[in-house]
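**Student:**
Protein chains: 2
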Amino acid sequence: MNELKAYLQQQSRLFDQYLEQYYSFPENNPQGPVEILGESMAYSLFAGGKRLRPILAMSACRLFGGTLELVLPVAVAIEMIHTYSLIHDDLPAMDDDNFRRGLPTNHKVYGEGMAILAGDALLTDAFGHLAAVDGLSEETRLALVRGLSQAAGSEGMVAGQAIDLHYEGRLDVSREILFDLHRRKTGAMITFAVLAGGMVAGADKEDLARLETYGQSIGLAFQIADDVLDETGTQTELGKDAGSDREKNKLTSVSLLGLDESRSLLEELVNKAVIVLEPYGKRAARLQQIANYIAVRKN
Amino acid sequence: MNELKAYLQQQSRLFDQYLEQYYSFPENNPQGPVEILGESMAYSLFAGGKRLRPILAMSACRLFGGTLELVLPVAVAIEMIHTYSLIHDDLPAMDDDNFRRGLPTNHKVYGEGMAILAGDALLTDAFGHLAAVDGLSEETRLALVRGLSQAAGSEGMVAGQAIDLHYEGRLDVSREILFDLHRRKTGAMITFAVLAGGMVAGADKEDLARLETYGQSIGLAFQIADDVLDETGTQTELGKDAGSDREKNKLTSVSLLGLDESRSLLEELVNKAVIVLEPYGKRAARLQQIANYIAVRKN
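Chains as they are written, first to last, in the working numbering: chain S, 2 to 300; chain F, 2 to 300.
1) Whether or not the stretch 72-86 of chain S and the stretch 123-139 of chain S are in contact is what I'm after, with contact meaning three or more pairs of Cβ atoms, one per stretch, closer than 8 Å; do they touch?
2) Identify the contact partners of G39 (chain S) in chain C, using a Cβ-Cβ distance below 7 Å as the criterion.
3) Please report how far the alpha carbon of E40 (chain S) lies from the alpha carbon of G161 (chain F), in whole angstroms.
4) Should the stretch 166-175 of chain S be regarded as contacting the stretch 140-158 of chain F, the criterion being three or more beta carbon pairs within less than 8 Å?
5) Quick check: the stretch 15-23 of chain S against the stretch 39-54 of chain S, are there 3 or more CB pairs under 8 Å?
6) Could you name the residues of the stretch 83-98 of chain S whose beta carbon sits closer than 7 Å to any beta carbon of chain F, in the order they occur along the chain?
7) Between which two residues does the alpha helix (DSSP H) holding Y281 (chain S) run?
8) Taking Cβ to Cβ, would you say R101 (chain F) is nearer than 8 Å to L87 (chain F)?
9) What do you get for S175 (chain F), buried or exposed, if any count of 16 or more other CB atoms within 10 angstroms of its CB means buried?
10) Between L288 (chain F) and G216 (chain F), what straight-line distance do the alpha-carbon atoms span, to the nearest angstrom?
11) Check each residue of the stretch 260-290 of chain F: if its Cβ is closer than 9 Å to any Cβ of chain S, include it; give the result in chain order.
12) For K251 (chain F), count neighbouring Cβ atoms within 10 angstroms of its own Cβ and tell me buried if that reaches 16, exposed if not.
13) Please name the residue or residues paired with L46 (chain S) in a DSSP beta bridge.
14) For the stretch 40-53 of chain S, enumerate the residues whose C-beta is nearer than 8 Å to any C-beta of chain F, in chain order.
15) Given a threshold of 16 other Cβ atoms within 10 Å of its Cβ, counted over all protein chains shown, does E279 (chain S) qualify as buried or as exposed?
16) Can you find a C-beta in chain F that's less than 8 Å from the C-beta of F128 (chain S)?
17) Starting from the C-beta of T214 (chain F), find all residues in its chain whose C-beta is less than 8 Å away, skip the five residues before and the five after it, and write them out in chain order.
18) For the alpha helix (DSSP H) containing Y24 (chain F), name the first residue and the last one.
19) Return the residue from the list S:V72, S:G259, S:A285, S:L221 that minimises the CA-CA distance to Y23 (chain S).
20) Answer yes or no: does any C-beta atom of chain S fall closer than 8 Å to that of I301 (chain F)?
21) Is N3 (chain S) near the ligand HEM, with its Cβ less than 7 Å from a heavy atom?
22) For the candidate residues F:F65, F:A7, F:E4, whose alpha-carbon lies nearest to that of R211 (chain F)?
23) Starting from T233 (chain F), trace the alpha helix (DSSP H) in both directions and tell me its first and last residue.
24) Is there a Cβ of chain S sitting closer than 8 Å to that of D167 (chain F), yes or no?
25) Along the chain, which unbroken stretches of the beta strand (DSSP E) at least 3 residues long are found entirely within the stretch 55-127 of chain F?
26) Nearest chain F C-beta to D121 (chain S) closer than 8 Å, yes or no?
27) Sorted by chain position, which residues of the same chain lie with C-beta nearer than 8 Å to Y182 (chain S)'s C-beta, five sequence neighbours on each side aside?
28) If you measure between the beta carbons of H108 (chain F) and L118 (chain F), is that distance less than 8 Å?
29) Leaving out five residues before and five after S254 (chain F) in sequence, what residues of the same chain have Cβ atoms less than 6 Å from its Cβ?
30) Taking its Cβ as the centre, do 16 or more other Cβ atoms sit within 10 Å of S138 (chain F), making it buried, or is it exposed?
31) Short of 7 Å in beta carbon distance, which residues of its chain neighbour A61 (chain S), apart from the five on each side in sequence? Order them along the chain.
32) Keeping to the same chain, check which residues put their C-beta closer than 8 Å to that of L257 (chain S); ignore five residues upstream and five downstream.
33) So, using beta-carbon positions, are G148 (chain S) and G188 (chain S) closer together than 8 Å?
34) Could you work out which residue in F:Q290, F:F193, F:A286 is closest to A153 (chain F) when comparing CA atoms only?
35) What would DSSP say about K51 (chain S), mapped onto helix, strand or coil?
36) Compare the Cα-Cα distances from F223 (chain S) to each of S:I37, S:G136, S:I295, S:D98 and report the closest residue.
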């Protein structure tokens, strides 16, 4: 586990280094609104996330022999989309959160209007970045744009947020709805990150189907683990108030299934993710370790 | 002028017909949040806009011999981006508008959270649609994705909105800032619509440079005409409160340059747009008429 943690930290650093050099902001007039917009985007983009989605893309790419040079710009686009979703999700009209990763949320620093715009800009720019990645075929770049749009759009992540918003304060929903929520809100983008890594490395159809099963399993596991963590973690571990989901009467796996059943479902999902990658033998060890890690992480 | 109006109405109807068949929403559970999200997106997408950007793309495409089949899906993506920007622009944290085109704004009907999500979903889906247009080369589709992202993103439309937000209530700004605002907030997307029509039809570099000059000129003209209209139009003509920009101390060409100078600048811009298309003779008549129309329209 310590060895995996070292790997995750090193990959996250690699990604951050690339992001800093890749992602430049206008600096000529630090007082101007275009610069403030860029600063607001950077504030959230560099707020020290775990970089789980980039690491998944990088690890999946490596499994199929792809290079970091190819996957890093794709990982940046994915993290931009993830970051925008956090900014908008924290807004007063959505989850109304004051802290994220131990820092004040974007709208607390830059105001609500600028936070909406920073999210919009990250979302919009991400597709331009993706369409311009050097070294990938035109076909692959278009497939990535389509895949990212589907995973993040009106039937994917945004639909998940709509479900979340709709059922806020209601605990009388079915587990079908709960899993639909998780699959869309968190699972779709995690699955896409894994798939994108494979696509960049030229994985074939069968490989991609396996990656999809892996991604869907850990995507759901990730959200359930998040719900368990929100209930059982401490404020220091979480970087936000513990039990905040319960206080807001949010629909979570813990509120619906209880802690025990949530944990056993988590185990089942992790096993599924590990088994589907067995055909790749030792080469899949990293992705399998990550699946296990997702279920037991502390933050 | 009446003949042009008939043309604009007919083109707008053509676009709307295509949009309705192209743009399908999940209907199986009208009470579910994913369906409400789709309804909220449709509410604004079908709220009866002038469809100026689609018509510009269609007319520019026709000038270079392109077909409607090719340009209509591209026009849909452009209108989706335009629609998202209106939904977010109307939010309480932004312009805080209650009416748009004579109808309650999206957040007044669906609530603020759902309106934010509807905008996000339209924005995200637009790029997926664009990447999947049949009949266009992969190279053209990628160029369109990059161009749309640039026109709409952190250096284009969103930057324009950041400038707008930043200077709200301040009338002590230079005309450089005002024109930078207009060029980004309105001009960039209008210019892209014109360029996209040309790209779809296979216009060459010199053609695209002319279209760009045309688009930039009418883009700025459009916004100045809008400012003039906001000051001089009636509530019925506008579909919103007249003088609402002035009441909010918004930075507009009228507040900065006065009515007379705004009008003469408008004329200058329209002339520039008309002249740059003269090499195409009569074939450019429609685009030239539209340039004139933009300056004198009543809504």
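All C-beta atoms in this analysis are idealised placements derived from N, C-alpha and C, irrespective of residue type, glycine included. Note that the structure is a prediction, hence the values are computed from the model and not measured.
**Tutor:** The short version:
1) Put simply, the stretch 123-139 of chain S touches the stretch 72-86 of chain S. At least three CB pairs are less than 8 Å apart.
2) In the displayed structure, chain C is absent; the protein chains listed are S and F.
3) Each residue's Cα considered, the two are about 15 Å apart.
4) no
5) yes
6) Per Cβ criterion, the list reads H89, L92, A94, M95.
7) Per DSSP, Y281 (chain S) belongs to no alpha helix (DSSP H) and is neither H nor E.
8) yes
9) exposed
10) 10 Å
11) none
12) buried
13) The partner list for L46 (chain S) (beta bridge, DSSP) is empty, contrary to what the question assumes.
14) M42
15) Residue environment for E279 (chain S): exposed (fewer than 16 other C-beta atoms within 10 angstroms of its C-beta).
16) yes
17) K273, A274, V277
18) That residue, Y24 (chain F), is in no alpha helix (DSSP H); it is neither H nor E in DSSP.
19) S:V72
20) The displayed coordinates of chain F run from 2 to 300. Any statement about residue 301 (chain F) would go beyond what the structure contains.
21) Among the components modelled here there is no ligand, and therefore nothing to report on the ligand HEM.
22) Comparing alpha-carbon positions, the option among F:F65, F:A7, F:E4 lying closest to R211 (chain F) turns out to be F:F65.
23) 206-233
24) Rather than Asp, the amino acid found at residue 167 (chain F) in this sequence is His. Yes - at least one Cβ of chain S is within 8 Å of the one on H167 (chain F).
25) none
26) yes
27) First, the residue type needs correcting, since residue 182 (chain S) is Leu and not Tyr in the sequence shown. Counting only Cβ-Cβ distances below 8 Å, and skipping sequence neighbours, we find G161, I164, D165, Y168, L252.
28) no
29) For S254 (chain F), same chain residues with a beta-carbon under 6 Å away, outside a window of 5 residues either side, are I225, D228, S263 in chain order.
30) exposed
31) Here the set comprises V195, G198, G199, L212, L288.
32) L172, V174, R176, L179
33) Between G148 (chain S) and G188 (chain S), the C-beta spacing is not below 8 Å.
34) F:F193
35) coil
36) S:I295
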